[in-house]
Amino acid sequence: MNLLAEIHWAEAGVGLLLGGVLGTMLWRLSALLGRRATEQQCQARVESSRREAEAIVREARLAASEEAVRLRRETEEKFLAQKRGIEEEQSRLAQREKLINEQLTGLVERERQFRDQLTALDQQRMMVAGAQREAAALVQQQREQLQELSHLSEPEARALLLKRVEQETLKDAADLSRRRMDEARSTAESQARRIIGIAIQRFAGEHTFETTTATVALNGDDIKGRIIGREGRNIRAFESATGITVLIDDTPNAVVLSGFDPVRREVARQSMERLIMDGRIHPTRIEEVVAKVKQEMEETIVRAGEEALFKVGLPPMHADLIKLLGRLRFRLSFSQNILDHSVEVAQLAGMMAAELGENVIAAKRAGLLHDIGKAVNHEIEGSHAIIGADLARRYGEPDEVVNGIGSHHDEAQHIGLLGYLVSAADAISASRPGARSESMTTYLKRLENLEQIGTSFGGVEKCYAVQAGREVRVLVQPETVTDEQAYSLARNIARRIEDELLFPGQIRVTVVRETRCVEFAK
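Letter by letter, the sequence shown follows residues 556 to 1077 of the numbering used here.
And the structure:
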């Protein structure tokens, strides 16, 4: 047993020894392999770095070569461009020199030709005189032959030709007029908006101030402090009661009341005058005075409407229509009082209706109420003609009167003649001289423009604007403008005035062609 044990222990010792030797050999072998792998990696990296360095060097050499080529090419191009410029400049100088020589040669040749032409003119003048005599003889011969062939005398042939030309001209004029009307309908609204917008931008300053303000005179500037009140309570109370803005500035002895509603502005003006005369200016007194003036204003409005009915000679109408009519007393259109304008339109429409055998009363009612739509405020949308027609219909006016109001600006279809009568009467009342005032500067400028348009045409000797710019009289040279051309000249002047100027009503263009034959007896 002991022997077996020793044998086993010996075998175990040999195994351990062999295992240690083998482990040592394996460790050395693995270390050796690791060193070789590391050396190979280092060699690979060195080789890769070497190749990269060589590639960088090649790229640098290539870039330097390309840059040198580019610089050389640019230098050559600049040199060639300068060379071409010099050559072109030399070519231009040579051409100029050649041109100058040619011009000198041409001038000499022209001078020689001019002398030859002067010599030949006398001969040609004699030849022309002979040709004119031959032409006159040929014309007379042709006339006689035409009369024989057509069996018509010269006056009959001329009349036939003129008749045909007139028919063709009328047809062309009708076609042109129709096209112009179509174009006008398509562009009228946009053009009107543009023109009104420009006019408002250029002229609304003074006009807006004059038509939307009222000035109250003061006895002294010390009253301004009392109107303002402590911490502005009086002026705030006044503005709240009247709806009108009070402007107190450095203007001496004056207070300005500003507002778009003319009735409110008139109430504010009368109230301010009464408060200044009374001397007691405080919120309670302001409310009392404004309330009293408003009540009196209502009575004034009704009385103004009734007076307008009495002037026209119409029977009573609805009370609300009378109030609206009276409110027109405080509204202006181009500085023309609308109520007075409405009375004029009613009278004119009634007279024209009587001449035509139409209903005079209906014509007067339509004329008196044609601008009633201007009496309402901005809360009702639409044109004043349509608004006025709706109001008249609401308050029981006849259909023909309603249509006359709504169609007097062609915004509704005409039924009968009332719309045309009211439109004509409206134009007459608005366009008569002095009805709608304008500033002296504008008036003189309009006359100057009329005369400039007239004198801008050929053959015009003198041009005068007469009758406050309602007529343009043009005097033409009879040896330059014929009778037929005078008619055409009048139409052309009228068309140009319509295209370039803005004016109320119409302007008459009169072309005068006069031949004066003067001889002296000695």
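Every residue, glycine too, gets a C-beta built ideally from N, C-alpha and C.
- The DSSP assignment places 939 to 949, 954 to 961, 973 to 986, 995 to 1010 as complete runs of the alpha helix (DSSP H) inside the segment 930 to 1014, in order along the chain (cut-off: 4 residues).
- Per DSSP, reduced to three states, the secondary structure at V1036 is coil, with no helix or strand assignment.
- Classified as buried, L894 has 16 or more neighbouring CB atoms from the shown chains inside 10 Å of its CB.
- For A809, the enclosing beta strand (DSSP E) has its first and last residue at 809 to 813.
- Counting along the chain, the unbroken beta strand (DSSP E) around V1031 starts and ends at 1026 to 1031.
- As a beta-bridge residue in DSSP terms, L802 pairs with V811.
- V1064 is a Cβ neighbour of V1027, given a cutoff of 9 Å.
- Counting only the Cα atoms, R591 lies some 23 Å from V576.
- Ranked by Cα distance from K878, the options G868, L924, V915, G1014 are led by L924.
- Where R829 is concerned, the enclosing alpha helix (DSSP H) starts and stops at 817 to 833.
- Where T1065 is concerned, the enclosing beta strand (DSSP E) starts and stops at 1063 to 1068.
- Measuring C-alpha to C-alpha distances from G1014 to each of Q1007, L1030, V1021 identifies L1030 as the nearest.
- When secondary structure is reduced to three states using DSSP, L924 falls in the coil class, being assigned neither helix nor strand.
- In this model, L654 and R647 are separated by some 10 Å (Cα to Cα).
- For V1021, the number of other beta carbons within 10 angstroms of its own is below 16, and it is reported as exposed.
- Inter-residue distance for Q1007 and D1038 is about 22 Å (C-alpha atoms, whole angstroms).
- The residues A921, L973, G974, V977, in chain order, have a CB closer than 6 Å to that of G959 in the same chain once the five nearest residues on each side in sequence are set aside.
- Boundaries of the alpha helix (DSSP H) around N789: 788 to 797.
- For K849, the enclosing alpha helix (DSSP H) begins and ends at 838 to 867.
- The beta carbon of G1024 lies closer than 8 Å to those of Y998, R1001, L1002, L1005, F1058, I1062 in the same chain, with the five residues before and after it left out.
- Rounded to whole angstroms, the separation of the alpha carbons of I1048 and E1034 is 20 Å.
- M580 is classed as exposed because its beta carbon has fewer than 16 other beta carbons within 10 Å across all chains shown.
- Your pair F885 and E821 checks out as a contact, with CB atoms roughly 6 Å apart and the cut at 8 Å.
- Taking the C-beta atoms as reference points, Q1032 is found nearer than 9 Å to E1016.
- Nearest to T839 by alpha-carbon distance, out of R858, N808, R788, L869, is R788.
- For A1023, no alpha helix (DSSP H) run applies, since DSSP gives it neither H nor E.
- When secondary structure is reduced to three states using DSSP, N774 falls in the coil class, being assigned neither helix nor strand.
- S1011 has its alpha-carbon roughly 37 Å from the corresponding atom of A684.
- Counting every other CB atom within 10 Å of its CB across the protein chains shown gives E952 a total of 16 or more, marking it as buried.
- Between the segment 928 to 947 and the segment 901 to 919, the count of C-beta pairs closer than 8 Å stays below three; the two stretches do not touch.
- Burial is judged here by how many other beta carbons sit within 10 angstroms of a residue's own beta carbon; V818 has at least 16 and is buried.
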